[in-house]
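2 protein chains.
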Amino acid sequence: MRIGELAATAGVTTKTIRYYESAGVLPAPARQASGYREYDHRAVDRLAFVKAAQAAGLTLAEIVDVVSARESAGAPCAHVAAVLEQHAHDLERRIAELTTLLTQVRQLSARAKTLHPDQCTPAQVCHLIPTA
Amino acid sequence: MRIGELAATAGVTTKTIRYYESAGVLPAPARQASGYREYDHRAVDRLAFVKAAQAAGLTLAEIVDVVSARESAGAPCAHVAAVLEQHAHDLERRIAELTTLLTQVRQLSARAKTLHPDQCTPAQVCHLIPTA
DNA sequence: GTAGACGTTCCAGTGCGGGGGAAGGTCAAG
DNA sequence: CTTGACCTTCCCCCGCACTGGAACGTCTAC
Chain U
1 MRIGELAATA GVTTKTIRYY ESAGVLPAPA RQASGYREYD HRAVDRLAFV
51 KAAQAAGLTL AEIVDVVSAR ESAGAPCAHV AAVLEQHAHD LERRIAELTT
101 LLTQVRQLSA RAKTLHPDQC TPAQVCHLIP TA
Chain A
1 MRIGELAATA GVTTKTIRYY ESAGVLPAPA RQASGYREYD HRAVDRLAFV
51 KAAQAAGLTL AEIVDVVSAR ESAGAPCAHV AAVLEQHAHD LERRIAELTT
101 LLTQVRQLSA RAKTLHPDQC TPAQVCHLIP TA
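As given, the protein sequences belong to chains U and A, one line each in that order. FYI, the numbering for the first sequence is 1 to 132, going by full-length UniProt numbering. FYI, the numbering for the second sequence is 1 to 132, going by full-length UniProt numbering.
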């Protein structure tokens, strides 16, 4: 199949497929005499994997890591597991940061409802956000 | 004070100060005869505000919005409050998304510990990440 | 033979928040 | 007078994951 059909099947654009090839998540396919890229079902599987891995929060660079480990050393399950574990940690940290931030923003919003505008000084820009 | 001293006082780089000026969060300062930028204490206050607003999760564009409202229409508290409220909503949504993601990643990690590598098929790249 | 649907390469841009470095002007100290 | 620190403007660069467009080649149908 050619790139357009692959794109339609996988639900991505042809641009994305070429980009993935340049990024290393898709292997360079065979070429027809015309120079057109020629794909088989493995490319469909690979694109499905990429989408699933992205949905799990992996970056393209991490996916490259995983698929290249797959190609060079067989089943990369341990590698994938490590990447996932790292990602879980990152997510937890990020969620904690955002939760702290949300608390702060909520406090500022609460202050917005109890203070009067004439309590602003020019140095503060707005009393809602403490500069200290 | 000149830009270097302001930068040291505020804890940013001179690059950042010029960038902020171009972005509209800092007003264009007076110039010395030499062409050097000449700042006073208000610039220090403003930079402190920008840092505080960034810590509260506002983007530079939103800060521009707030400070220009301040300069054109006096105390922008209601405006700031609306921006904060919007931000709180965004944060809640983002936290919910990340929490969902974390659950998925945790499930995959759990599977990694119960499955064997020889259950991988090439089409899957790795059984840890379902492609269906 | 020609239209148009598809393919190719390469270059450039998006949004965010700056950072790097060149080429040159200014200022204080020794 | 020269050195070195500081300042100026200018334009390009980063990561991230693409997307858009130009200019050109190829294939199929009428």
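All C-beta atoms in this analysis are idealised placements derived from N, C-alpha and C, irrespective of residue type, glycine included.
Would residue i be called buried (16 or more neighbouring beta carbons within 10 Å of its own) or exposed?
| i | result |
| --- | --- |
| U/Gly-57 | buried |
| residue 140 of chain A | Given that chain A is displayed from residue 1 to residue 132, the structure contains no residue 140 of chain A and the question cannot be resolved. |
| A/Tyr-36 | exposed |
| A/Glu-62 | buried |
| U/Ile-3 | buried |
| A/Arg-46 | buried |
| U/His-41 | exposed |
| A/Ala-81 | buried |
| A/Ala-8 | exposed |
| A/Ala-10 | buried |
| A/Ala-78 | exposed |
| A/Ala-69 | buried |
Does the Cβ-Cβ distance between residue i and residue j come in under 8 angstroms?
| i | j | result |
| --- | --- | --- |
| U/Val-50 | U/Tyr-20 | yes |
| A/Ser-22 | U/Leu-84 | no |
| U/Arg-94 | A/Leu-98 | yes |
| A/Val-25 | A/Leu-60 | yes |
| U/Thr-66 | A/His-87 | Sequence check: residue 66 of chain U is Val here, not Thr. Taking 8 angstroms as the Cβ cut-off, U/Val-66 and A/His-87 do not qualify as a contacting pair. |
| A/Leu-101 | U/Leu-102 | no |
With H, G and I counted as helix, E and B as strand and the rest as coil, what does DSSP make of residue i?
| i | result |
| --- | --- |
| U/Arg-42 | helix |
| A/Arg-37 | strand |
| U/Ala-78 | helix |
| U/Arg-2 | coil |
| A/Ala-30 | strand |
| A/Val-64 | helix |
| U/Thr-13 | coil |
| U/Val-83 | helix |
| U/Thr-59 | coil |
| A/Val-50 | helix |
| U/Val-25 | coil |
How many whole angstroms separate the CB atoms of residue i and residue j, which I take to be in contact at a CB cut-off of 8 angstroms?
| i | j | result |
| --- | --- | --- |
| U/Glu-38 | U/Ala-30 | 5 angstroms |
| U/Ala-43 | U/Leu-6 | 6 angstroms |
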